[in-house]
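Numbering (the numbering used here), first residue to last: 1178 to 1356.
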């Protein structure tokens, strides 16, 4: 499987996954590293290599009949070097947040594994943080977060607002993975 990832052979990876029912923790770690080194988000998602940061919400998702979240990563083409766009579609987001008060996702972009976490902080405030996973190289990101509503309500005269958050100029953090 490692070979299929580093040699960009998605058909071979699919064939291998048909024969392997469970991946050991050591193998999982090496596959995460292969996806990171090749910036292969598709293989990362196909093999379900993302770690859950915080409480597992699998039972809640199952009881809600919640479909899988979607994460799309776009790199290259019209974007500059070391730039990417990550799009998240968290299914039943509000229900899951109210029940667990924590939701997270990992994705691969720019030869790093990134994490995004939304959680209830002190003083009953919703907080969002993003950073690097273990083994990722340090980075100095300049990110913009746009939160768009899922859909407009029928008959509503006003369009839902898009929430835009970005660090102030000169306040870009230097991120290093937590060990």
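Here a beta-carbon is modelled for each residue, glycine too, at the ideal position from N, C-alpha and C. Nothing here was measured: the structure is a model prediction, and the numbers come from that model.
Quiz item: What residue does the beta strand (DSSP E) around residue 1304 start on, and which one ends it?
Solution: Per DSSP, residue 1304 belongs to the beta strand (DSSP E) from 1303-1309.
Self-check item: In DSSP terms, what residue 1297 is bridged to
Solution: 1303.
Practice problem: Quickly, what does DSSP pair residue 1262 with across the bridge? List them, please. | Solution: Bridge partners of residue 1262: 1251.
Quiz prompt | For residue 1290, the three-state DSSP class (helix, strand or coil) | solution = Strand.
Practice problem: Quick one: grab the DSSP three-state call for residue 1324. | Solution: In the displayed model, residue 1324 falls within a strand according to three-state DSSP.
Practice problem: List the DSSP bridge partners of residue 1341. | Solution: Residue 1341 pairs with 1323.
Self-check item: Nearest-angstrom beta carbon gap, residue 1215 and residue 1250 [assumed within contact, 8 Å]
Solution: Not quite, the Cβ-Cβ distance comes to about 13 Å (not below 8 Å), so this is no contact.
Quiz item: Opposite residue 1282 in the DSSP bridges: which residues?
Solution: Paired residues: 1293.
Self-check item: Same chain, Cβ closer than 6 Å to residue 1293, neighbours up to 5 away in sequence not counted
Solution: The beta carbon of residue 1293 sits closer than 6 Å to those of 1282, 1307, all from its chain and outside the five residues before and after it, given in chain order.
Exercise. Grab the span of the alpha helix (DSSP H) containing residue 1236 for me, first residue to last.
Key: Taken as a continuous stretch (DSSP letters only), the alpha helix (DSSP H) holding residue 1236 covers 1235-1241.
Self-check item: At least three beta-carbon pairs within less than 8 Å, the region 1190-1200 to the region 1261-1272
Solution: Result no; under three Cβ-Cβ pairs closer than 8 Å.
Practice problem: Could you tell me how far apart the beta carbons of residue 1280 and residue 1234 are, in whole angstroms, since I believe they sit closer than 8 Å? | Solution: With a Cβ gap of about 7 Å, residue 1280 and residue 1234 count as contacting.
Practice problem: Please classify residue 1182: does DSSP put it in a helix, a strand, or coil? | Solution: Reduced to three states, the DSSP call for residue 1182 is helix.
Quiz prompt | Proximal residues to residue 1295 (C-beta, below 6 Å), its chain only, five neighbours per side dropped | solution = Closer than 6 Å at the Cβ level, and outside the excluded window around residue 1295, lie 1280, 1305.
Quiz item: What's the call for residue 1285, buried or exposed, on a 16-neighbour Cβ count within 10 Å?
Solution: Buried is the call here.
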